[in-house]
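Novice: Protein chains in written order, with the working numbering: chain A, 14 to 381; chain B, 14 to 381.
Please see the structure below; I have some questions.
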């Protein structure tokens, strides 16, 4: 099995267009979450590439991003070829993004395996993660199907989509590999009661947003499910690598309808598989999540930078410059950056994006 | 009565040596509370002088301070003669401070009336305040006694000292002026239960720390109760206004024992009177007190500067530069200054001084 996998040409497509508004004020349009060092050494996108080492070479890494982030990404990933940094003129959700990346790879390896990864996830057990991606690549190769990575759920999380798998008896084209299942259905983010049921049922996994398939497979599936998008992508194909491309892309993206790969393709496709993963995955969706994973002192505080804490416990405080002193406060997330201070009650950090919405409405662009 | 008062020569002695550590990070050693605009226009010391207008002329205002604050005070009070700014080499509590100021006035008006005022109190009803000071001056003149201003208590405050007055029947040298009483005893800051009893008894007032007496009276009382301090002051007397004075003061202050005027003189003296005042007094002892008096929006927030509040109520937020965004937080006091950020739970602001203690211990002098 290992021998076979090593022969497969595998490409990574890293989706790095987000602004990470839940991570304001550290995350900004020009310097979003994936370009930050949130944990330890290296930015999130650097670690996303680094952990593929030995499985996908950096020359086979493609990054889809936007104009604002392009230069920073080139700087942060010096070994990824500049021509592999694909710049969308505007964000149109994941289906166009993935289709565009597929076009780029299709030029020289139409049967290549694409591993699609968000740029801003945390992986605790990297060897296990690579093993899962290898299995998924094998499944994608054998079945010519769409493969997604499903995370074994540990609690009734309402912040993720879920994937329900078929019972072995229901499977129509079973793959006899341990931990690989046919998908029965995709479920949107549930409410709490539903999430509890999902967890109890045992046949639901968290949708990690990581996908594996062959280039020809995904382009065919886009053709079937999103024919308009497919035609738009085909219109672009001939100009890739020519001086016409940028203008062509700009015009085409102006017409493209934004749609997610889950909703636009995965939910409609026939051969969709899940490889079950359990490798310390975290999508780091909010400051609360960062706090949960952060180291703490005896008072339950995580203090980064010059900080004085008086009668205060269970706070996550990060300051880049000024000294921060807290007195008698518990359960706060405090983030101080060179131009902004954010103070959030623990548990409310999903609402940090409301600050960003407010800044947009008021056109306070210097803080976006 | 008015005619008589206008004939009295009255001097103000403003005690402005404090560092206001409960008002960190706005209050600093070089720029303490009394030199800040905490409410509305003008700094606290400017307003302390301004509200005396028509009663005490600025040329008759004396300020006792320290080296760090001297220049700022000269700048803030341009109409107070520079020679009236008295600089203590080191703080020795209120008795030496008041004794030193008395010496200065004694040189040209030994029978003058001294009104001793802290530099950092808030007065809501200024005409009533002046009326009370006029009454107190009259009592000081008539009785040759020590007069203190007692505030009618509105709640069982544990942060103030209290003054108990004699029943009219107990009075030995009654002054037949409404609202003027002989003092029975001074009480330290009480615990809550005692404060409740004080409030119920009806014969206790808050000790405002404002005093009125003749120069000769206070020097005599210091002589009686603190003979060592009196001798030390007398040693200074001959050199005031000469080039020897600074060195003399430095040497003398090195030997002086710190003691409060309350403990050292008032509690031991015979003829001590209270004039009862009710003029919207507030000693502005903490950020909580500032918050109580501040204007609020519909969510109960007081927001000064660039601030975004999401699902947050009853906060006091003051920012001098960076934008501050709060999410889901209630009952906080947030102060952002050019080099420091302080976040305090409402009700805990007495402990802000612990930050200053910590900074001192760690010799982080740039933040003091």
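Cβ atoms here follow ideal geometry from the backbone N, Cα and C, with glycine treated the same way.
Taking residue 72/B as the reference, which of 374/B, 113/B, 87/B and 369/B has the closest Cα?
Specialist: Stepping through the second chain from its first residue, residue 72/B is reached at position 59. Closest option to residue 72/B, Cα to Cα, is 87/B.
Novice: What in chain B is Cβ-close to residue 335/A, meaning under 7 Å?
Specialist: As a first step, residue 335/A must be located in the first chain, where it is residue number 322. Simply 352, 353 and 354.
Novice: Could you have a look at residue 182/B and say whether DSSP puts it in helix, strand or coil?
Specialist: Within the second chain, residue 182/B is the residue found at index 169, counting from 1. In this structure, residue 182/B counts as helix in the three-state DSSP scheme.
Novice: Compute the distance between the beta-carbons of residue 200/B and residue 238/B, then report whether it is under 8 Å.
Specialist: Position 187 of the second chain, counted from the first residue, corresponds to residue 200/B. Position 225 of the second chain, counted from the first residue, corresponds to residue 238/B. Their beta carbons are not under 8 Å apart, which means residue 200/B does not touch residue 238/B by this criterion.
Novice: Compile a chain-ordered list of the residues in the region 357-372 of chain A whose CB is closer than 8 Å to at least one CB of chain B.
Specialist: Correct list: 357, 358, 360, 361, 362, 364, 365, 367, 368, 371 and 372.
Novice: Who are the near neighbours of residue 24/B in its chain, counting only those whose CB is closer than 6 Å to its CB and skipping five residues on each side?
Specialist: Looking up residue 24/B in the second chain gives position 11. So the list reads 73, 118, 125 and 127, once near-sequence residues are dropped.
Novice: Select from the region 308-328 of chain A all residues with a C-beta closer than 7 Å to any C-beta belonging to chain B, and list them in chain order.
Specialist: Hits within the stretch, in order: 321, 323 and 324.
Novice: For the beta strand (DSSP E) holding residue 281/A, just list the boundary residues, first then last.
Specialist: Here residue 281/A corresponds to residue number 268 of the first chain, with the count starting at 1. It is not in any beta strand (DSSP E) - residue 281/A carries neither H nor E in the DSSP assignment.
Novice: If contact is defined by three or more beta carbon pairs under 8 Å, each pair taking one atom from either stretch, is the region 238-255 of chain B in contact with the region 200-214 of chain B?
Specialist: The region 200-214 of chain B vs the region 238-255 of chain B: no contact.
Novice: By how many angstroms is the C-alpha of residue 295/A removed from the C-alpha of residue 192/A?
Specialist: Locating residue 192/A in the first chain gives position 179, where the first residue counts as 1. Locating residue 295/A in the first chain gives position 282, where the first residue counts as 1. Going from the Cα of residue 192/A to the Cα of residue 295/A covers about 20 Å.
Novice: Out of curiosity, what's the CA-to-CA distance linking residue 19/A and residue 334/A?
Specialist: Translated into positions along the first chain, residue 19/A becomes position 6. Translated into positions along the first chain, residue 334/A becomes position 321. Below a pLDDT of 50, predicted positions are generally treated as unreliable, and residue 19/A, at 48, falls in that range; the measurement from the model is reported next regardless. Distance between the alpha carbons of residue 19/A and residue 334/A is about 48 Å.
Novice: Three or more C-beta pairs closer than 8 Å, one from the region 307-327 of chain A and one from the region 158-166 of chain A: is that the case here?
Specialist: Contact fails: fewer than three Cβ-Cβ distances are below 8 Å.
Novice: Does the Cβ-Cβ distance between residue 328/B and residue 339/B come in under 8 Å?
Specialist: Taking the first residue of the second chain as position 1, residue 328/B is located at position 315. Taking the first residue of the second chain as position 1, residue 339/B is located at position 326. In this structure, residue 339/B lies closer than 8 Å to residue 328/B by Cβ.
Novice: Using the C-alpha atoms, what's the distance from residue 249/A back to residue 255/A?
Specialist: Walking along the first chain from the start, residue 255/A turns up at place 242. Walking along the first chain from the start, residue 249/A turns up at place 236. C-alpha separation (whole angstroms): 11 Å.
Novice: Whole angstroms are fine: how far does the CA of residue 222/B sit from the CA of residue 170/B?
Specialist: Mapped onto the second chain, residue 170/B falls at position 157. Mapped onto the second chain, residue 222/B falls at position 209. For residue 170/B and residue 222/B, the distance between alpha carbons rounds to 15 Å.
Novice: If you measure from the beta carbon of residue 341/B to each beta carbon in chain A, is any gap under 8 Å?
Specialist: Against the second chain, residue 341/B aligns to sequence position 328. Cβ-Cβ to chain A under 8 Å: yes for residue 341/B.
Novice: Does the Cβ-Cβ distance between residue 209/A and residue 197/A come in under 8 Å?
Specialist: On the first chain, position 196 is the one that residue 209/A refers to. On the first chain, position 184 is the one that residue 197/A refers to. Against a cut-off of 8 Å, the Cβ pair of residue 197/A and residue 209/A comes out as no contact.
Novice: Which of the three DSSP states is assigned to residue 377/A in this structure?
Specialist: Taking the first residue of the first chain as position 1, residue 377/A is located at position 364. Residue state, collapsed to three classes: coil.
Novice: For residue 38/A, count neighbouring C-beta atoms within 10 Å of its own C-beta (all shown protein chains included) and say buried if the count is 16 or more, exposed if not.
Specialist: Taking the first chain and counting its residues from 1, the one referred to as residue 38/A is at position 25. That one is buried.
Novice: Considering only DSSP beta bridges, list what residue 353/A is partnered with.
Specialist: Indexing the first chain from 1 puts residue 353/A at position 340. Residue 353/A is bridged to 350/A and 336/B.
Novice: Please report whether the beta-carbon of residue 32/B lies at a distance below 8 Å from any beta-carbon of chain A.
Specialist: Reading the second chain from its first residue, position 19 is the one you call residue 32/B. No, because no Cβ of chain A sits closer than 8 Å to the Cβ of residue 32/B.
Novice: For chain A, is any of its Cβ atoms less than 8 Å away from the one on residue 345/B?
Specialist: On the second chain, residue 345/B is found 332 positions in, with the first residue counted as 1. Closer than 8 Å to some Cβ of chain A, the Cβ of residue 345/B qualifies, so yes.
Novice: With DSSP as the reference, label residue 294/A as helix, strand or coil.
Specialist: As a first step, residue 294/A is located in the first chain; it is residue number 281 there, counting from the start. Here residue 294/A sits in strand by DSSP.
Novice: Measuring only between beta-carbons, confirm whether residue 338/A sits less than 8 Å from chain B.
Specialist: As a first step, residue 338/A is located in the first chain; it is residue number 325 there, counting from the start. By this cut-off, residue 338/A is an interface position.
Novice: First and last residue of the beta strand (DSSP E) that includes residue 317/B?
Specialist: Along the second chain, read from residue 1 onward, the residue named residue 317/B stands at position 304. Looking at the DSSP string, the run of the beta strand (DSSP E) that includes residue 317/B is 315-317.
Novice: Can you pull the DSSP bridge partners for residue 218/B?
Specialist: On the second chain, residue 218/B is found 205 positions in, with the first residue counted as 1. Its beta-bridge partners are 176/B.
Novice: For the alpha helix (DSSP H) holding residue 258/A, just list the boundary residues, first then last.
Specialist: Along the first chain, one-based indexing puts residue 258/A at 245. 258-268 is the extent of the alpha helix (DSSP H) around residue 258/A.
Novice: Taking all protein chains shown into account, do 16 or more other C-beta atoms lie within 10 angstroms of the C-beta of residue 57/A, making it buried, or fewer, making it exposed?
Specialist: On the first chain, residue 57/A is found 44 positions in, with the first residue counted as 1. Label assigned to residue 57/A: buried.
Novice: Starting from residue 88/B, trace the alpha helix (DSSP H) in both directions and tell me its first and last residue.
Specialist: Numbered from 1 along the second chain, position 75 holds the residue referred to as residue 88/B. Counting along the chain, the alpha helix (DSSP H) containing residue 88/B begins and ends at 80-89.
Novice: Going by the beta-carbon positions, is the gap between residue 290/A and residue 220/A smaller than 8 Å?
Specialist: Against the first chain, residue 290/A aligns to sequence position 277. Against the first chain, residue 220/A aligns to sequence position 207. No. Outside cutoff.
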